[in-house]
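Protein chains in written order, with our numbering: chain W, 170 to 371; chain R, -3 to 248.
Positions of the beta carbon are idealized from the N, C-alpha and C atoms, including for glycine.
Since the structure comes first, as structure tokens, the remarks are kept for the end.
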């Protein structure tokens, strides 16, 4: 039987390469995808309430931090608005996704899994992408906190992440995401798995 | 999969616990498995379990602490199945004693069983993984190598060293298309725990399990699934990683 048969999955940022690869893999393995509009505002609580209000089941949530400065810029050259334009969708978006998905999953009572995809620059600095790097580590730590909170609540929800390295391909990120979203990782939670060809090991 | 080449894995300590579960998981994925260990009867049982499920396996008696026996185990694998693609260094040992009671011999035992065994396995498997066009290695370490406990100083140190060994080998392996990762089990219910917990293992399992965020011990199969993933092509871009399988304990 397909590993996501009868599962309902929500993947953010449709139309981006990672989201499309993740969605394709989930679909191939039997999941039903919740339709998400390409202009869905991940950082709007109202948008989340609307999107999830219509669902009658949710098993898998995949968030993807896709925001970065359009071109590399040093901190000295970065305005607060530039910084917020990255941190808000990435970190606040992941927070809202986690919060609303958690409420839904708990209400449905079937457990669930969340996978937060962010950059491998969460744990090493990126001189010209401070907001992306900072938000990635924020997501990594929120992943741990959410994992512990879910374990404490004994709600059978696991929360993990993927740290995408600069040379990682969407297809391989998708394979890691779907492994972490599957029952094969049933004793894994709070972990952010690097998919980075050894980038962080150096 | 008519003309696809069957991959071959060598799993140490495959006579019980995580090693046996890993051998079974790899075999289920169509990989031919050489199960190694010191206990012949238990090794034969692992092979029987795999063959009864329709897989291919062989047992090689092997003490992973001994260099000569590594040379024999690797050449035995080549003789049995013609190639080597995957190495799982699972065999290990634990000594739990207060620091001031640990002897230098205890420290040596820990380093040999948990560090040198991984080094020897990688050293002798490496040329064959390379010859196969690349390969994957998993060193089974322990969450205690990263998140230490008060009474396992020698064990924790040896496991931490095995993780550094894995990362360095991963960097070196990039050149030869060999991936090296470490898997860090947390509290996993095993025969060892079962024996230690007599005469009332169920009570121990429940009570000690409560110290894990998930509120339970992990099963050996839950570690085996992670090892099977890391050694598969799905993890082709994953190397140099320490992967905790610990019911969330790494998060806190």
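- Looking at R:140, R:226, R:10, the one whose alpha-carbon comes closest to that of residue 362 of chain W is R:226.
- DSSP places residue 240 of chain W outside both helix and strand once states are collapsed to three, so it counts as coil.
- In the structure shown, the three-state DSSP call for residue 327 of chain W is strand.
- In this structure, the straight-line span from the alpha carbon of residue 183 of chain R to that of residue 205 of chain R is close to 8 angstroms.
- The beta-carbon of residue 366 of chain W is placed less than 7 angstroms from the nearest beta-carbon of chain R.
- Cβ-Cβ distances below 6 angstroms link residue 315 of chain W to 267, 328 in the same chain, with the five nearest sequence neighbours on each side left out; the list follows chain order.
- Scanning its chain for C-beta atoms nearer than 8 angstroms, with the 5 sequence neighbours on each side dropped, one finds around residue 234 of chain W the residues 258, 259, 260, 262, 263, 285, 286, 287, 288, 301, 304, 305, 308, in chain order.
- Taking a C-beta cut-off of 9 angstroms against chain W, none of the residues of the stretch 67 to 82 of chain R qualify.
- Using a Cβ-Cβ cut-off of 8 angstroms, residue 358 of chain W is close to 209, 210, 243, 244, 247 of chain R, given in chain order.
- Ranked by how close their Cα comes to the Cα of residue 357 of chain W, the residues R:193, R:170, R:201, R:213 have R:213 in first place.
- Flagged as an interface residue toward chain W: residue 170 of chain R, by a C-beta distance shorter than 7 angstroms.
- Looking at the backbone, the Cα of residue 189 of chain W and that of residue 369 of chain W are separated by about 25 angstroms.
- The bridge partners DSSP lists for residue 180 of chain R are R:240.
- Every unbroken stretch of the alpha helix (DSSP H) spanning 4 or more residues and falling wholly within the stretch 85 to 164 of chain R is given here in chain order: 100 to 107, 113 to 127.
- Runs of the beta strand (DSSP E) spanning 3 or more residues and lying entirely within the stretch 259 to 347 of chain W occur at 281 to 288, 326 to 333, in chain order.
- For a Cβ distance threshold of 7 angstroms, residue set 211 of chain R lies close to residue 323 of chain W, ordered along the chain.
- In this structure residue 175 of chain R does not touch residue 147 of chain R by the C-beta definition: roughly 34 angstroms separates them, more than the 8 angstroms allowed.
- In the three-state reduction of the DSSP assignment, residue 203 of chain W falls in the coil class, being assigned neither a helical nor a strand state.
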